[in-house]
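Here the structure comes first, spelled out in structure tokens, and everything after it is commentary.
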Amino acid sequence: MRIERDKTAGWRSGRDLATASLLFLGLTGAACGAGLFEDLWEKVEKIRQPDTVEVLPESAQGAATQIQRVLGGISPQEEQAVGRRAAGTLLGAAPLVKNASLQKYVNRVGVWVALQSERPDLAWHFGVIESPDINAFAAPGGYVFITRGLYRQLRGESELAGVLAHEIAHVVQKHHLKILEQSRLLDQGGKVLSGQVAGSEQVKRLIGTGAEIFSRALDQNAEYEADRLAMVLAARAGYDPFGLPAVLQDLAHLSREDRSVSMLFKTHPHPDERLAQLEDTGQRLDGIRGKINRKRFERFAL
Numbered sequence: 004m005r006i007e008r009d010k011t012a013g014w015r016s017g018r019d020l021a022t023a024s025l026l027f028l029g030l031t032g033a034a035c036g037a038g039l040f041e042d043l044w045e046k047v048e049k050i051r052q053p054d055t056v057e058v059l060p061e062s063a064q065g066a067a068t069q070i071q072r073v074l075g076g077i078s079p080q081e082e083q084a085v086g087r088r089a090a091g092t093l094l095g096a097a098p099l100v101k102n103a104s105l106q107k108y109v110n111r112v113g114v115w116v117a118l119q120s121e122r123p124d125l126a127w128h129f130g131v132i133e134s135p136d137i138n139a140f141a142a143p144g145g146y147v148f149i150t151r152g153l154y155r156q157l158r159g160e161s162e163l164a165g166v167l168a169h170e171i172a173h174v175v176q177k178h179h180l181k182i183l184e185q186s187r188l189l190d191q192g193g194k195v196l197s198g199q200v201a202g203s204e205q206v207k208r209l210i211g212t213g214a215e216i217f218s219r220a221l222d223q224n225a226e227y228e229a230d231r232l233a234m235v236l237a238a239r240a241g242y243d244p245f246g247l248p249a250v251l252q253d254l255a256h257l258s259r260e261d262r263s264v265s266m267l268f269k270t271h272p273h274p275d276e277r278l279a280q281l282e283d284t285g286q287r288l289d290g291i292r293g294k295i296n297r298k299r300f301e302r303f304a305l
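Heads up, our numbering is the position in the sequence shown plus 3, with the first residue counted as 1.
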């Protein structure tokens with residue numbers, strides 16, 4: 004697979020994205036300091052529902068269909084409410100890096116990539132959070148975060164775009180909503196059918212405390228799908244589509260015992276496996292020569 008790092012080029016944009024600055028005001032709780040993701044993971048592991056749903060007996064199939072229809076009909080407003088609550092939980096554990104120029108830059112890159120997706124109408128928000136861990140997160144409704152630790156691993160704007168595109172793909176495909184709905188399907192069945200779960204209550208029950216979205220491991224196929232879509236979105240945005248594979252290649256050299264990647268490796272397939280799954284996509288995009296923008300990225304180094 005071709006992975007290039009050395010090209011530089013100017014900013015490509017068909018519209019002014021200067022207004023895409025941070026809109027996270029009102030989301031943060033009390034800042035608890037960085038490095039709390041392991042604690043977050045452990046707490047949620049103790050209380051979360053099983054990852055799979057048992058097959059219902061035939062007599063319950065009709066009820067299950069109705070439950071699926073109700074839970075699957077989350078409105079855009081409810082989806083954003085779920086994401087806002089989850090974002091508040093994360094920012095309460097690890098606040099945004101205090102660097103307005105950096106945050107605006109990451110938002111410009113993220114929004115431009117998101118505009119190439121099938122959900123350009125979402126109110127997309129991007130931010131760099133204060134944590135040495137190497138990770139990135141997405142929540143429903145268009146909330147995407149990258150840690151300081153991962154940002155410092157990047158070597159150019161195309162790599163940043165690739166990482167953000169992976170998280171954008173999770174939001175576009177509603178991967179987190181699907182797994183949350185699945186895990187609560189049986190538990191909520193009776194209440195949904197009896198009309199006891201209203202819109203706001205449904206949001207509360209889906210998201211719980213907000214921590215589960217960030218600590219739950221998605222299905223491996225969802226991660227592979229997000230990787231493939233990330234390369235396509237980066238290419239659509241005019242970037243070198245091999246930015247994400249370059250990041251995965253670097254992460255593959257880190258030890259599983261390294262605390263900074265412990266949660267990443269718990270919630271994602273190993274980078275080597277992800278790279279193997281991208282071989283076909285890489286071959287299809289091998290002829291595309293997009294931008295890397297290393298020099299501009301270096302102006303916002305941490």
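Note that beta-carbon positions come from the ideal geometry of N, C-alpha and C, so glycine has one too.
Would residue i and residue j qualify as a contact pair, given that the criterion is a beta-carbon distance under 8 Å?
i, j, result
"VAL109", "PHE140", "no"
"VAL116", "ALA237", "yes"
"ARG245", "GLU160", "One detail in the question is off: residue 245 reads as Phe in this sequence, not Arg. For PHE245 and GLU160, no; Cβs fall outside 8 Å."
"ARG277", "LEU257", "no"
"ARG122", "VAL85", "no"
"ASP253", "ILE295", "no"
"LEU221", "ASN138", "no"
"LEU157", "GLY113", "no"
"ASP230", "LEU288", "no"
"GLN119", "ARG292", "no"
"ASP275", "ALA255", "yes"
"GLY144", "ARG87", "yes"
Check each candidate in the options and name the one with the smallest Cα separation from residue i.
i, options, result
"TYR146", "PHE245, LEU232 and TRP127", "TRP127"
"ARG259", "ASP136, SER78 and PRO123", "ASP136"
"LEU125", "VAL166, ALA142, SER161 and GLU228", "ALA142"
"GLY307", "LEU254, ALA103, SER134 and VAL235", "Here the chain covers residues 4 to 305 and nothing more, so residue 307 does not appear."
"LEU99", "ARG88, SER78, GLY144 and ILE149", "ILE149"
"LEU247", "ALA103, ASN138 and HIS169", "HIS169"
"ARG297", "LEU167, SER265, GLY144 and LEU163", "LEU163"
"THR284", "LEU232, TYR242 and HIS173", "LEU232"
"LEU180", "LYS294, ASP253 and GLU81", "GLU81"
"ALA225", "ARG262, ALA172 and ALA240", "ALA172"
"LYS101", "SER78, GLY165, ARG111 and SER134", "SER134"
"PRO79", "LYS177, ALA279, GLY165 and LEU183", "LYS177"
"GLU228", "ALA279, GLY241, SER265 and GLU184", "ALA279"
"ILE77", "GLU184, GLN106, GLY95 and LYS107", "GLU184"
List the DSSP bridge partners of residue i.
i, result
"ILE149", "VAL131 and ALA139"
"LEU305", "None, per the DSSP bridge assignment."
"LYS294", "TYR242"
"LEU99", "ILE132"
Any heavy atom of the ligand PLP closer than 7 Å to the Cβ of residue i?
i, result
"LEU153", "This structure lacks the ligand PLP; in fact it carries no ligand of any kind."
Point to revise | Complete alpha helix (DSSP H) runs within the segment 239-281 (minimum length 4 residues, chain order) | key: 246-255, 265-270 and 274-280
Check your understanding: Would the segment 254-272 and the segment 293-305 be scored as touching if the rule is three or more Cβ pairs under 8 Å?
Key -> No: the two stretches stay apart, fewer than three of their Cβ pairs being nearer than 8 Å.
Point to revise | Inter-stretch contact at 8 Å, needing at least 3 Cβ pairs: the segment 150-159 / the segment 79-92 | key: no
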